[in-house]
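Numbers in our numbering are just positions in the sequence shown, counted from 1, shifted up by 1. Even for Gly, the Cβ is constructed at its ideal location relative to N, Cα and C. From a predicted model like this one, the values you see are computed outputs, not experimental measurements. Working notes, beginning with the structure itself.
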Amino acid sequence: MKLVLLLLTSTATAQNLMPLPAEMHWGQGQLGWKDALKPQLSGPTDSAVTAALGRTLVRLRRDGRNLPGTATVPLQIRYGRTGNPTSFDSEKYSLRVTPMGVLLDAPTSLGILRGLATLEQLPVRDGHHSYLPEVDIQDQPRFAWRGLSLDAARHFLPVAVIKRNLDGMAAVKLNVLHWHLTDDQGFRIESKVFPRLQQAGSTDGLFYTQDEVREVLAYAAARGIRVVPEFDVPSHTTSWIVAYPRLASNDSTYAPYRLWRTTNVAIDPTRETTYTFLDSLFTEMTALFPDPYFHVGGDENDGRNWRRTPRIVAYMRAHGMVKADGKTVDKHQLQTYFNRRVLAMLQKRGKTMIGWDEILGPDLPKEAVIQSWRGKKGLNDAAKLGHPVLLSNGYYLDLNYSAASAYAADPLPADTPLTPAEQKLVLGGEAAMWTEFADSAMVDSRIWPRAAAVAERLWSPQATSQNVADMYRRLAAVSTELATLGLRHQRTPELLLKQMAGPNNVAPLRTLAEVIEPVKEYKRHFQGYSYTTQTTLNRLVDAAPAESETARRFGTLVDSVVAAGALAPLHVPAAVRQVSALRAQLLRWEANDVLLQPLLLSNSALREYGPLSTQLTAVARVLLERLTQLQTGQAASPAWLAAARATLDAAQAPAGQAELAVLKAGRKLLGS
């Protein structure tokens, strides 16, 4: 469907909807309100709708607090039946706002929940007043599965953290919480059958009780969100083996694992006692989690634990699990055998198995869902073999890539090699947040607001969600909305900065923090700082944004100035304003190092970031000179350009696992 934007008034340009609806038709009218929206529900009784409506009314009244009193107008809500989030029930809805009232209509209650989320984003602030713009929206998701994978195994995330992130998910229409509950560092859920799993397997003893799990499940269901647990096997199971050594593939004993890198330890797939254990555990856990999907991981098992155990090697040879040479044992065949056994257990309990793309093989039954994290090839290969598929590659938020990077990733790009029949197997995708470098305090800032860009990619029509600049405009508004819902992605980094500054002025430290980002991917493991499960994440790199909004806006300004200079002299009014804004920013950076150095010198925890502060000033001076050259029409000499580029190259070096985020834009200004 086409997105229609009628730019009749400032209303259309002021809209901050995210995800973009499938169709929008703007009118010129307005609906003012204060306490004047009177709900009228038509449909079966549904506590989720009633609760969501109550939350929406509270938020709308907050937005309308400065309006004069108006006549009561109806908020009509109509739906046909109660929707079930675990059944891929329809989330389609229509929303009509006129000066006479609001009509929200949907086939199911799930559509009503999605429509209410849109309604909450509609208010336009006009000075001290707010109003709802006249609009007609027809909307439905592009993909049925739109998830957020939360790793609560490495750093435990308390129930309150899970709940507020569920609120964030609901606001942007994500509908699957993929709850990663077990890993080498921790088994984070209470098992009454095998209690040592949570008692001995974790490095800190933190876990969810089964009552807390039910609490989260109910909270998610009330927001139309399904919860899919992950119990990662056969690798990533050190915590299991610490608790129950009989699961081990060798005779070694293990202590709780405190590092972050993969241990390459795996449970033994050749012993029947392993399957007896898993059968008992999965019987308990599948009864606790009602969703028909159940994730068993299956990733990053390189097989060394099996190849180095003579008994397992003998088993593989005896069962023909060898490569084409007839001699070399094939760990993938053994893992496929393991997967088939686990799949049968889950199917017996009415569950559909999900695994990461490493489990894919020609002998794996088509019923297994493949989640691709290593690349598009895994998704395409799995779909061609007849498997339902999910995409996470490109959506790994913990890699600290930009929202634009995630926005560009698409489960079904325009050039997909999949046939129409194979495309129907693409269920959707998931943003992923692994928590080696994000604890319960900082995790919100590593998820939001970038997860909203993934949500739009998975909800909105492909053709209408290509404008990256507008995505960022709306993302800023959504970020503010998420903060009002209780997400701490803005608040906690600022608190950490104030804590580091102590009694000193925090502004210079904030200026530096705003233009640095953590190094990308997992480079923090390899830059001279040793991280363990006990490492406190309270350094400047942790307060720095995953994506610097200040640097992004600086880059946009540079693009404008460069484009203006290529088309016309920089003395035209628009270019003058842009150059003035650019110069003001650079002057602020140039002056910041002098202001910040006393704090850096007095605080040993901050001292490692001194080079970044010094380099920011050096870069600002070079770019200020370049601005003057552009304004005066002076050509930069080859020697000057070489020296300027060398300054930016030197500033590229990371410090404290962080790096300056303004260098790409700086190079553009230099013309390189």
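Touch test, the stretch 395-408 against the stretch 466-475, Cβ-Cβ under 8 Å, three pairs minimum: yes
For my contact list, A384 and E423 are in at a C-beta cut-off of 8 Å; report their separation, rounded to the angstrom. The residue labelled residue 384 in the question sits at position 383 within the sequence shown. The residue labelled residue 423 in the question sits at position 422 within the sequence shown. With 8 Å as the limit, A384 and E423 qualify as a contact, their Cβ atoms being about 4 Å apart.
With respect to the beta strand (DSSP E) encompassing A404, which residues constitute its N-terminal and C-terminal limits? On the sequence shown, position 403 is the one that residue 404 refers to. It is not in any beta strand (DSSP E) - A404 instead sits in the alpha helix (DSSP H) that spans 404-409.
Taking only runs that begin and end inside the stretch 65-150, name each unbroken alpha helix (DSSP H) of 4 or more residues, in chain order. 110-122
Just the Cα atoms here: how many angstroms apart are K39 and S95? Locating residue 39 in the sequence shown gives position 38, counting from the first residue. Locating residue 95 in the sequence shown gives position 94, counting from the first residue. C-alpha separation (whole angstroms): 19 Å.
What's the gap between the Cα of E191 and the Cα of E285? In the sequence shown, the residue the question calls residue 191 occupies position 190. In the sequence shown, the residue the question calls residue 285 occupies position 284. Approximately 10 Å, taken between the alpha carbons.
Could you check the C-alpha separation between Q491 and G148 for me, to the nearest Å? The count along the sequence shown starts at 1 and reaches residue 491 at position 490. The count along the sequence shown starts at 1 and reaches residue 148 at position 147. So the alpha carbons of these two residues sit roughly 22 Å apart.
Taking 6 Å as the limit between beta carbons, can you name the residues of its chain near R693, skipping five residues before and five after? Because residue 693 is not part of the residues shown, which for the chain are 2 to 673, the question remains open.
Leaving out five residues on either side along the sequence, give the residues of the same chain with a beta carbon under 7 Å from the beta carbon of T417. If you number the sequence shown from 1, residue 417 lands on position 416. Contacts found: Q424.
If I measure Cβ to Cβ from L175 and keep anything under 6 Å in the same chain, skipping five residues before and after, which residues do I get? Against the sequence shown, residue 175 aligns to sequence position 174. These residues qualify, in order along the chain: R147, L149, A456.
Span of the beta strand (DSSP E), counted from its first residue to its last, around Y294: Translated into positions along the sequence shown, residue 294 becomes position 293. Residues 294-296.
Rounded to the nearest angstrom, what separates V390 and G169 at their Cα positions? Stepping through the sequence shown from its first residue, residue 390 is reached at position 389. Stepping through the sequence shown from its first residue, residue 169 is reached at position 168. Taking the straight line joining both Cα atoms gives about 25 Å.
Grab the span of the beta strand (DSSP E) containing S43 for me, first residue to last. Residue 43 sits at position 42 when you count from the first residue of the sequence shown. Unbroken beta strand (DSSP E) run through S43: 38-43.
Determine the DSSP secondary structure at A585, reduced to helix, strand or coil. If you number the sequence shown from 1, residue 585 lands on position 584. Residue state, collapsed to three classes: helix.
Starting from Y397, follow its DSSP beta bridges and name the residues at the other end. Locating residue 397 in the sequence shown gives position 396, counting from the first residue. According to DSSP, which records beta bridges pairwise, Y397 is partnered with A433.
Along the chain, where does the alpha helix (DSSP H) that runs through V160 open and close? Working through the sequence shown from its first residue, we reach residue 160 at position 159. 160-172 is the span of the alpha helix (DSSP H), which, as asked, contains V160.
Comparing alpha-carbon positions, which option in H237, E522, G667, V577 lies nearest A621? The residue labelled residue 621 in the question sits at position 620 within the sequence shown. Ranking the options by Cα distance to A621, first place goes to G667.
If contacts are defined as beta-carbon pairs under 8 Å, then P546 and S446 qualify, I think. What distance do you get, rounded to the angstrom? By one-based count along the sequence shown, residue 546 stands at place 545. By one-based count along the sequence shown, residue 446 stands at place 445. About 7 Å separates the two Cβ atoms, so the contact holds.
With a Cβ-Cβ cutoff of 8 Å, do P100 and E135 count as a contact? Within the sequence shown, residue 100 is the residue found at index 99, counting from 1. Within the sequence shown, residue 135 is the residue found at index 134, counting from 1. Yes, the Cβ-Cβ distance between P100 and E135 is below 8 Å.
Quick one: Cα of D127 to Cα of A478, how far? As a working note, residue 127 is residue 126 in the sequence shown. As a working note, residue 478 is residue 477 in the sequence shown. When rounded, the distance between both Cα atoms is 15 Å.
Would L167 pass as a contact of R224 if the rule is Cβ separation under 8 Å? Numbered from 1 along the sequence shown, position 166 holds the residue referred to as residue 167. Numbered from 1 along the sequence shown, position 223 holds the residue referred to as residue 224. Yes; because the gap between Cβ atoms is below 8 Å, this pair is in contact.
Buried or exposed for L602, please, with buried defined as at least 16 other CB atoms from any protein chain shown within 10 angstroms of its CB. Here residue 602 is taken as the residue at index 601 of the sequence shown, counted from 1. L602 comes out exposed.
Can you list, in chain order, the residues of its chain whose CB lies under 6 Å from that of A502, leaving out five sequence neighbours each side? For the purposes of this step, residue 502 is taken as the residue at position 501 of the sequence shown. Excluding positions up to five away in sequence, the list reads L510.
Rounded Cβ spacing between R475 and M19 (contact assumed at less than 8 Å): Locating residue 475 in the sequence shown gives position 474, where the first residue counts as 1. Locating residue 19 in the sequence shown gives position 18, where the first residue counts as 1. The Cβ separation is near 5 Å, so the contact holds.
Quick check on R622: does DSSP put it in helix, strand or coil? For the purposes of this step, residue 622 is taken as the residue at position 621 of the sequence shown. Helix at R622.
Look up V229 in the DSSP assignment and give the residues it is bridged to. Translated into positions along the sequence shown, residue 229 becomes position 228. Paired residues: H179.
I need the straight-line Cα distance from Y523 to H179, nearest angstrom please. Residue mapping note: residue 523 aligns to position 522 of the sequence shown, counting from 1. Residue mapping note: residue 179 aligns to position 178 of the sequence shown, counting from 1. Their backbone Cα atoms lie some 22 Å apart in a straight line.
So, is E548 buried or exposed, given that buried needs 16 or more other C-beta atoms within 10 angstroms? Taking the sequence shown and counting its residues from 1, one reaches residue 548 at position 547. Buried, by the Cβ-count rule.
If contacts are defined as beta-carbon pairs under 8 Å, then A433 and Y396 qualify, I think. What distance do you get, rounded to the angstrom? Here residue 433 refers to the residue found at position 432 of the sequence shown. Here residue 396 refers to the residue found at position 395 of the sequence shown. Yes, they are in contact, since the Cβ atoms of A433 and Y396 sit about 6 Å apart, within 8 Å.
Where do the ends of the alpha helix (DSSP H) carrying M317 lie? One-based indexing of the sequence shown puts residue 317 at position 316. That run of the alpha helix (DSSP H) goes 311-319.
Who are I268's beta bridge partners in DSSP? Taking the sequence shown and counting its residues from 1, the one referred to as residue 268 is at position 267. Paired residue(s): A249.
Closest Cα partner of W241 within the set V228, T271, F278: For the purposes of this step, residue 241 is taken as residue 240 along the sequence shown, with counting starting at 1. Nearest option by C-alpha distance: F278.
Are there three or more Cβ pairs, one per stretch, closer than 8 Å when the stretch 51-67 is compared with the stretch 261-273? no
How many angstroms separate the CA atom of L248 from the CA atom of D280? Residue numbering aside, residue 248 sits at position 247 when the sequence shown is read from its first letter. Residue numbering aside, residue 280 sits at position 279 when the sequence shown is read from its first letter. Rounded to whole angstroms, L248 to D280 spans 13 Å at the Cα level.
Please report the residue range of the alpha helix (DSSP H) in which P519 lies. Counting from 1 along the sequence shown, the entry for residue 519 is found at position 518. Element bounds for P519: not the alpha helix (DSSP H) but the beta strand (DSSP E), 517-519.
List the endpoints of the continuous alpha helix (DSSP H) containing H708. Outside the modelled stretch of the chain, which goes from 2 to 673, sits residue 708, for which no answer is possible.
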